[in-house]
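Quick note: the sequence shown uses my numbering, first residue 2, plus one each step.
Using N, Cα and C, we set each Cβ at its ideal position, and we do this for glycine too.
Encoded as structure tokens, the structure appears first; notes follow it.
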Amino acid sequence: MPASGVSAVALAARLSALGLLTRVEEHPRHTSVEAEVPEVLSAESWREVLDVVADADRFGLLATSLNGRTLWAVVRKAVPTTGDVGGPSHQR
Numbered sequence: 002m003p004a005s006g007v008s009a010v011a012l013a014a015r016l017s018a019l020g021l022l023t024r025v026e027e028h029p030r031h032t033s034v035e036a037e038v039p040e041v042l043s044a045e046s047w048r049e050v051l052d053v054v055a056d057a058d059r060f061g062l063l064a065t066s067l068n069g070r071t072l073w074a075v076v077r078k079a080v081p082t083t084g085d086v087g088g089p090s091h092q093r
């Protein structure tokens with residue numbers, strides 16, 4: 002499935018079903034999903050998590066000694082087909 006057809010909320014729900022605590026945040030051009038990853042996660046669980054985020058446009062893992070591990074994924078919003086696509090600075 003192309004990432005543009007994937008809902009960030011659906012990704013978050015799938016990650017939650019795997020036992021991860023998730024957050025969804027709206028941005029002008031994309032929706033982001035973050036999930037806290039426990040220190041101990043089985044290889045099978047990692048495979049399932051990676052299968053979920055593979056549907057996103059971008060994903061990664063932020064790991065620090067202070068904040069633990071946070072998995073993130075980004076789903077771009079669909080580009081409008083008509084109207085003010087480029088914003089006020091673009092000519093029509």
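Inter-residue spacing [alpha-carbon to alpha-carbon] between residue i and residue j
| i | j | result |
| --- | --- | --- |
| proline 3 | leucine 67 | Because the pLDDT of proline 3 is 44, which lies under 50, any placement of that residue in the model is unreliable, and the number read from its coordinates should be weighed accordingly. C-alpha separation (whole angstroms): 35 angstroms. |
| valine 50 | alanine 79 | 24 angstroms |
| alanine 18 | tryptophan 47 | 13 angstroms |
| alanine 13 | arginine 30 | 18 angstroms |
| glutamate 27 | tryptophan 73 | 13 angstroms |
| phenylalanine 60 | glycine 20 | 18 angstroms |
| alanine 55 | threonine 32 | 15 angstroms |
| leucine 22 | glycine 69 | 13 angstroms |
C-beta atoms of residue i and residue j nearer than 9 angstroms
| i | j | result |
| --- | --- | --- |
| valine 7 | alanine 57 | yes |
| valine 38 | threonine 71 | yes |
| leucine 16 | valine 34 | yes |
| alanine 9 | valine 53 | no |
| alanine 36 | arginine 24 | yes |
Delimiting residues of the alpha helix (DSSP H) encompassing residue i
| i | result |
| --- | --- |
| leucine 12 | 9-18 |
Extent of the continuous beta strand (DSSP E) run through residue i
| i | result |
| --- | --- |
| leucine 21 | First-last for leucine 21: undefined, no H or E at that position. |
**Asked** Enumerated in chain order, which unbroken segments of the alpha helix (DSSP H) with a length of 4 residues or greater are wholly contained in the segment 30-80?
**Response** 44-54
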